[in-house]
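All remarks here apply to the structure that follows.
Number of protein chains: 2
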Amino acid sequence: MNIRPISEHDHAPIVAVVDQWWGGRQMAGLLPRLFFAHFQDTSFAIEEHGRIIAFLIGFVSQSQPRQAYIHFVGIHPDHRKRGLGKRLYELFFETVRARGCDTVHCITAPINSGSIAFHRSMGFQIEKSDHVRDSLPFTTDYDGPGQDRVLFVRSLA
Amino acid sequence: MNIRPISEHDHAPIVAVVDQWWGGRQMAGLLPRLFFAHFQDTSFAIEEHGRIIAFLIGFVSQSQPRQAYIHFVGIHPDHRKRGLGKRLYELFFETVRARGCDTVHCITAPINSGSIAFHRSMGFQIEKSDHVRDSLPFTTDYDGPGQDRVLFVRSLA
């Protein structure tokens, strides 16, 4: 198993599989090539036997440089429960802390209970929200009409 | 007419109209809120009578900081041919030059002849490509399967 910075060459193989990794949800549209071209120093892939089995796309906020943002994480369904997500997040935390960030932000869909549990286990807290359902605070229409999101933040202090 | 940095509050009104501005093409998916939250210092909106009539989303490449990238430009159909695109691009050039960039990159679809003519008029040249059709060089599958793109670059020297 090898963890390394993402490269532009990773774009094609990742968009070819990512919808399948997400159980058929249309996710590839969230991964335009620009993320693989311009955020290589805070985005990572994990390879095993020459194939990518997990990746993280993140960046330092350009206009709020003490904030870091995790845009997308994908893990091959056969390689879950191995701690790959934890490893990617910890490498990201370390990388952006070294660049002067003091918080990490990310969002997820309220329906994505696996993601919510994962982020809580990684020390994230839910920030500002306008609704609560089943004890879960979330923000309606955060990413467009009907695109409710849970907003997470984690201190790096 | 007022030109100003983009803000997070601009996300909802822009995604509500952008598909219509593009003649019904599904474009809003290319504008997740993150661009309005984290790239405010190199992204701009033009307002007139309190409404946004044009905007540009761009950033400095984090991993190649001498490169700048223009991700998305939208102009209200009733306000074309007024030089708004030119004004947005010139402000972007000036802003990223001051941040140490020496080139600006962007991409467009080979079918988008208006965009191609605009970029040529703004001093962009077409960079590396693997196909030529009707004298137009482009790169096949650049942004995923079937997503051919014309790759533009412009020197800021």
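Going down the list, the protein sequences come from chains R and Y. Positions 1 to 157 (my numbering) are the ones given, in order, by the first sequence. Positions 1001 to 1157 (my numbering) are the ones given, in order, by the second sequence. Ideal placement from N, C-alpha and C gives every residue a C-beta, glycine not left out.
Check whether the Cβ atoms of residue i and residue j lie closer than 8 Å to each other.
i	j	result
I14 (chain R)	I53 (chain R)	no
T42 (chain R)	V18 (chain R)	no
N1112 (chain Y)	E1047 (chain Y)	no
Q1067 (chain Y)	H1009 (chain Y)	no
F152 (chain R)	F124 (chain R)	yes
Q62 (chain R)	F1039 (chain Y)	yes
L1030 (chain Y)	P145 (chain R)	no
F1036 (chain Y)	G1058 (chain Y)	no
I107 (chain R)	R133 (chain R)	no
W1021 (chain Y)	I1075 (chain Y)	yes
Bridge partners for residue i per DSSP, in chain order?
i	result
E1048 (chain Y)	Y:R1051
A28 (chain R)	A28 (chain R) is not bridged to any residue.
N2 (chain R)	R:E47
I1070 (chain Y)	Y:G1058
R1149 (chain Y)	Y:T1139
T103 (chain R)	R:Q67, R:S155
V1017 (chain Y)	Answer is none; V1017 (chain Y) lacks a bridge partner.
T1108 (chain Y)	Y:V1150
Kindly indicate which residue of the options has the alpha-carbon position closest to the one of residue i.
i	options	result
A1045 (chain Y)	Y:P1145, Y:K1086, Y:S1135, Y:D1143	Y:K1086
F55 (chain R)	R:H49, R:I111, R:F72, R:P110	R:F72
E1094 (chain Y)	Y:R1154, Y:I1116, Y:L1136	Y:R1154
G83 (chain R)	R:L156, R:M122, R:F138, R:P145	R:M122
R1097 (chain Y)	Y:S1115, Y:R1133, Y:A1157	Y:A1157
E127 (chain R)	R:D134, R:G146, R:Q147, R:T103	R:T103
A109 (chain R)	R:Y142, R:G23, R:F92, R:P32	R:Y142
H1049 (chain Y)	Y:H1079, Y:R1120, Y:I1107, Y:R1099	Y:H1079
Q1147 (chain Y)	R:I6, R:A16, R:R4, R:G114	R:A16
K1081 (chain Y)	Y:M1027, Y:S1129, Y:G1114	Y:G1114
P77 (chain R)	R:Y89, R:I116, R:G24	R:G24
R4 (chain R)	R:L88, R:R99, R:L34	R:L88
I116 (chain R)	R:E90, R:L136, R:M27, R:I6	R:L136
G1100 (chain Y)	Y:Q1026, Y:P1065, Y:A1012	Y:P1065
S1007 (chain Y)	Y:D1130, Y:H1131, Y:A1028, Y:L1034	Y:L1034
Going by DSSP in three states, residue i sits in which element: helix, strand or coil?
i	result
F1124 (chain Y)	coil
Y89 (chain R)	helix
Q1064 (chain Y)	coil
S1155 (chain Y)	strand
H76 (chain R)	coil
R1133 (chain Y)	strand
K1083 (chain Y)	A small correction: the amino acid at residue 1083 (chain Y) is Gly; Lys does not occupy that position in the sequence shown. Reduced to three states, the DSSP call for G1083 (chain Y) is coil.
S1115 (chain Y)	helix
F1036 (chain Y)	helix
*What residues from the segment 1131 to 1149 of chain Y come within 8 Å of chain R, judged by C-beta to C-beta, listed N to C?*
Against chain R - using a Cβ distance shorter than 8 Å - the residues of the segment 1131 to 1149 of chain Y are D1141, Y1142, D1143, G1144, P1145.
*With 9 Å as the C-beta to C-beta threshold (strictly closer), list the residues of the segment 1035 to 1061 of chain Y near chain R in chain order.*
Within the segment 1035 to 1061 of chain Y, the residues whose Cβ lies closer than 9 Å to some Cβ of chain R are A1037, H1038, F1039, Q1040, D1041, T1042, S1043, F1059, V1060, S1061, listed in chain order.
_Residues of the segment 104 to 117 of chain R in Cβ contact with chain Y at a cutoff of 7 Å, in chain order, please._
none
*Taking only beta carbons into account, state which residues of the segment 73 to 87 of chain R come closer than 8 Å to chain Y, listed in chain order.*
none
*May I ask you to list, following chain order, the residues of the segment 87 to 103 of chain R that have a beta carbon less than 8 Å from some beta carbon of chain Y?*
Along the segment 87 to 103 of chain R, none of the residues has a CB nearer than 8 Å to a CB of chain Y.
*Of all the residues that make up the segment 12 to 26 of chain R, which are near chain Y by a beta-carbon distance shorter than 8 Å?*
A12, V15, A16
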